[in-house]
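Numbering (this note's numbering), first residue to last: 30 to 150.
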């Protein structure tokens, strides 16, 4: 049994991520990386294209290598992080948003769905 099937653990994750977003208040832990590397048009454009590839299956037919990569749990987490970064445009806020999204997703699953997907991804 996974800890992610427990509603109490999921609720704690949810509250902790909302608390982190609230407490964080835009404090920039990595200002150089945020401003000079990640917030460039090339990186942001790539993130939006990845979102289009993984978010809308009808838009683009994915190459088989991307299907293989997407079956890896670490790659799934990284892709979700990239999408949350595209939404937040802040390195730290994206982490909190990712945890919030995963907690809400698991919280709304039924018991049967939690048994089928015990590790969120």
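Don't be surprised by glycine CBs; every beta carbon is placed ideally from N, CA and C.
Residue range 102-117 is occupied by the alpha helix (DSSP H) that includes residue 103. Taking C-beta separations shorter than 6 Å and ignoring five residues to either side along the sequence, the partners of residue 125 in its chain run 46, 49, 50, following chain order. Residues 136 of the same chain have their beta carbon placed closer than 8 Å to that of residue 36, with the five preceding and five following residues left out of the count.
Non-local C-beta neighbours of residue 123 in its own chain, meaning closer than 7 Å and more than five positions away in sequence, comprise 110, 113, 114, 117, ordered along the chain. When the beta-carbon positions are compared, residue 96 and residue 150 stay at least 8 Å from each other.
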